[in-house]
Amino acid sequence: MIDEWDAYNKTKQFFKNMIRGIAKFMTGDYPTFIQPFLSGTTPRAIAQQKQATDISFQFVDCPLLDIKSMIRIMDHFATKFKAPTTLLDFEAPEAPTKKDAANKKKKGVAPPTTKYVYKWKLCAPLLQLLIDTGGLPRALEKLFDVCFKTIGGNGKKFFEDLEYDYDNIFSIVKNDLEKMYDIYRKVDDEMELYMNLLYHCVEGIPVEENKRLDNKKDNKEDNKGTTVKDLQTDGHFALSSYDGRDLFLIEMPFLFVCIYNDKLKIVDVELMKKAFSVNNNYMYWQEWELFVAHHISFRVNLAIKMGKNELSLRNLHPGAYGTKEDLDIVMKLKRLGIYRSREQFPLNLIVTDNSDGSKIPWDNGHCVGTSAESSDMIYVMEGVSGFFYIIMVQNKWDYGSEEIKEENVSDENKKNVKSIKRSNLEGYETKTIIFTTQPYKGNKNLPEILIVSKENFKSYFGPVFSARATFSLTRDINPNFWDINRLKNTLMGIGNASIYNVAAKRPYISEDHFYSVNPRAVKKQKLDLFPFDVQGTEIYAPII
7 MIDEWDAYNK TKQFFKNMIR GIAKFMTGDY PTFIQPFLSG TTPRAIAQQK
57 QATDISFQFV DCPLLDIKSM IRIMDHFATK FKAPTTLLDF EAPEAPTKKD
107 AANKKKKGVA PPTTKYVYKW KLCAPLLQLL IDTGGLPRAL EKLFDVCFKT
157 IGGNGKKFFE DLEYDYDNIF SIVKNDLEKM YDIYRKVDDE MELYMNLLYH
207 CVEGIPVEEN KRLDNKKDNK EDNKGTTVKD LQTDGHFALS SYDGRDLFLI
257 EMPFLFVCIY NDKLKIVDVE LMKKAFSVNN NYMYWQEWEL FVAHHISFRV
307 NLAIKMGKNE LSLRNLHPGA YGTKEDLDIV MKLKRLGIYR SREQFPLNLI
357 VTDNSDGSKI PWDNGHCVGT SAESSDMIYV MEGVSGFFYI IMVQNKWDYG
407 SEEIKEENVS DENKKNVKSI KRSNLEGYET KTIIFTTQPY KGNKNLPEIL
457 IVSKENFKSY FGPVFSARAT FSLTRDINPN FWDINRLKNT LMGIGNASIY
507 NVAAKRPYIS EDHFYSVNPR AVKKQKLDLF PFDVQGTEIY APII
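In terms of my numbering, the sequence shown opens at residue 7 and continues consecutively.
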């Protein structure tokens with residue numbers, strides 16, 4: 007409200023006048039205790055009022071909303087605007103014979119219990135946008151404004167359609183938030199400060215509230231510089247307790263990471279838009295590869311901008327399984343670019359950019375995909391020891407949620423080593439990194455191999471990217487978001503002729519529900535039923 011008023015009233019006195027009005031009741035002849043709760047960008051307005059006052063302000067740490075709360079808020083609007091629902095299929099009997107049908111008609115068999123769910127919960131891009139707000143109230147407010155007013159015209163129309171350019175919605179919300187928090191100007195003024203903030207956030211480095219994030223020198227002896235707590239008054243990130251100590255993790259919504267990248271240019275802005283597109287309803291291996299490539303380059307390039315010249319594989323790939331010897335290898339850092347090649351590497355040692363045919367300097371520290379002979383992506387790094395390493399990245403989809411076996415992992419590495427030897431490349435050692443949405447229970451100390459599997463996503467991708475990665479990369483085990491091709495590749499026990507029938511019975515609200523209406527499906531795969539499996543939310547839409 008303060009921002010909206012001041013946008014039209016250039017004196018920007020709304021907050022001051024509001025406080026003066028309240029003060030009359032607090033400092034008059036009959037003092038009254040008043041405890042208003044002000045949120046959003048209000049702390050910034052307080053900081054801007056530097057005149058002495060008889061009123062003191064106490065800041066309260068408010069956590070970001072969790073996904074349960076965001077779903078419940080969206081359900082509130084769905085109820086308010088009478089959003090469309092879809093009928094649940096609770097039983098799917100085999101087609102009755104004519105005799106059975108006649109008997110049922112005579113006996114008047116009662117239909118199953120009628121239950122409905124909101125259709126918006128089947129819209130993957132909309133769910134992704136909710137996640138990208140990080141639960142920041144102001145970001146959610148902007149998202150709702152854009153959806154229900156700017157794009158949809160009104161809430162009812164928005165819910166009735168749901169077919170929108172969600173990348174455009176993301177951009178509008180992002181731009182509105184940038185203007186609201188004035189981030190571009192602040193980053194231009196103090197680039198080092200905000201680079202440091204982003205680094206601690208993306209890397210998941212715990213900090214003390216009073217940790218200084220700038221290196222400004224001041225003549226004042228009591229100058230503490232700009233601390234994490236100082237920046238928190240801007241209101242676009244929260245601090246969450248870390249291991250019960252006086253340390254905190256910086257929780258920043260993904261939207262703001264993109265805003266910072268616009269100015270800091272850690273990775274190419276346009277490529278980042280493509281890699282993290284909201285409109286990708288179904289993430290196939292090509293998109294996943296792009297996601298992984300951008301995450302690796304983001305981490306490396308951010309470390310370089312922070313003044314780091316070298317990092318161990320342990321720090322470059324936090325949480326990855328591997329031998330101590332491999333994880334302790336220290337690499338020299340060189341800025342990573344991202345290319346898609348036309349040719350297979352290393353069958354062809356001269357590879358060209360898929361977009362314009364220009365030669366790719368693969369030996370100069372760039373991520374190259376997607377046409378590698380045995381791996382999905384390669385990049386070269388030089389160790390501080392002088393050895394050069396070809397890092398070969400292999401992405402493995404989760405078909406049926408079966409565990410990825412140790413022998414499968416070893417076989418991938420053998421293929422990589424064999425392909426390099428066959429190419430007559432000399433002076434390079436190979437390291438294989440396996441990314442998989444499958445669980446891995448095998449030997450976690452295999453030489454020459456690093457493994458990032460489903461169970462260590464959070465430690466690897468960090469607090470910002472892990473939410474993006476988890477939802478994007480586990481849609482392949484959520485039958486509500488499968489397309490027909492994924493159903494064919496994933497479902498065991500159901501023939502091609504029945505696949506369309508499986509899709510027609512959506513939505514599914516639980517594993518029991520899925521298998522009850524698809525009795526021929528083999529109960530081997532572990533399914534994900536987000537958002538219906540979020541505890542504390544209503545599965546069924548109210549009957550109005």
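The beta carbon of each residue, even a glycine, is placed where N, CA and C say it ideally should be.
Residue i, enclosing alpha helix (DSSP H) - first and last residue
i, result
"N174", "172-187"
"F520", "517-523"
"S425", "412-428"
"F165", "161-167"
"V234", "234-238"
"M80", "73-86"
"V458", "That residue, V458, is in no alpha helix (DSSP H); its beta strand (DSSP E) goes 455-458."
Buried versus exposed, by CB contacts within 10 Å (16 or more), residue i
i, result
"Y514", "buried"
"E100", "Residue placement at E100 is poorly supported in this model, since its pLDDT is 40, which falls under 50; the coordinates are not used for a value here."
"Q541", "exposed"
"V399", "buried"
"P485", "buried"
"A326", "buried"
"V306", "buried"
"E184", "buried"
"K411", "exposed"
"K460", "buried"
"Y506", "exposed"
"A107", "Caution is warranted here: a pLDDT of 45 is assigned to A107, below 50, making its placement in the model unreliable, and no coordinate value can be reported."
"D382", "buried"
"S425", "buried"
"G241", "buried"
"N109", "With a pLDDT of 47 at N109, under the threshold of 50, the modelled position of that residue is not reliable, and the figure given next carries that caveat. The residue in question, N109, is exposed, as its Cβ has fewer than 16 Cβ neighbours within 10 Å."
"K280", "exposed"
"Y200", "buried"
"N23", "exposed"
"K330", "exposed"
"P131", "buried"
"F133", "Residue identity differs from the one stated: residue 133 is Leu in this sequence, not Phe. Its Cβ being crowded by 16 or more others within 10 Å, L133 is buried."
"E276", "exposed"
Residue i - containing beta strand (DSSP E), residue span
i, result
"F394", "394-402"
"M201", "No beta strand (DSSP E) holds M201; the alpha helix (DSSP H) holding it covers 197-208."
"I440", "434-442"
"S92", "Correcting the residue type first, residue 92 is Thr in the shown sequence and not Ser. First-last of the beta strand (DSSP E) with T92: 91-93."
"M387", "383-388"
"S246", "244-247"
"Y549", "One detail in the question is off: residue 549 reads as Ile in this sequence, not Tyr. Segment: none, I549 is in no beta strand (DSSP E) and carries neither H nor E."
Whole-angstrom C-beta distance between residue j and residue i, which should lie under 8 Å
i, j, result
"E198", "N216", "Contact doesn't hold; Cβ gap of about 18 Å is too wide."
"L142", "L319", "Incorrect: roughly 34 Å between the Cβ atoms, too far for contact."
"Y395", "Y345", "Between Y345 and Y395 the Cβ distance is about 18 Å, and since that is not below 8 Å, they are no contact."
"H323", "I439", "7 Å"
"G570", "V336", "Because the chain spans 7 through 550 in this model, residue 570 falls outside it and cannot be assessed."
"D138", "P259", "6 Å"
"T92", "V123", "6 Å"
"L452", "V415", "6 Å"
"L339", "N315", "6 Å"
"K447", "E418", "That pair is no contact at about 17 Å."
"V458", "F441", "5 Å"
Pair within 8 Å by beta-carbon distance, residue i and residue j
i, j, result
"V284", "F176", "yes"
"K121", "T543", "no"
"G468", "G210", "yes"
"L255", "Y248", "yes"
"L168", "C129", "yes"
"S516", "F538", "yes"
"T2", "R218", "No information on residue 2 is available, as it lies outside the stretch 7 to 550 that the chain covers here."
"D334", "K437", "no"
"L253", "V213", "yes"
"C207", "V470", "yes"
"L353", "S472", "no"
"G342", "I302", "The question names Gly, but residue 342 is Leu in the sequence shown. Yes, the Cβ-Cβ distance between L342 and I302 is below 8 Å."
"P69", "A309", "no"
"S347", "V386", "no"
"K127", "P90", "no"
"I272", "F304", "yes"
"I483", "K529", "no"
"R474", "F282", "yes"
Residue i Cβ short of 7 Å to the ligand MG heavy atom set
i, result
"G210", "Questions concerning the ligand MG fall outside what the structure shown contains, since it holds no ligand whatsoever."
The segment 262-270 contacting the segment 354-372, beta-carbon criterion three pairs below 8 Å
no
Under 8 Å, with one C-beta from each stretch per pair, do the segment 136-151 and the segment 71-90 reach the 3-pair mark?
Under the three-pair Cβ rule at 8 Å, the segment 136-151 counts as touching the segment 71-90.
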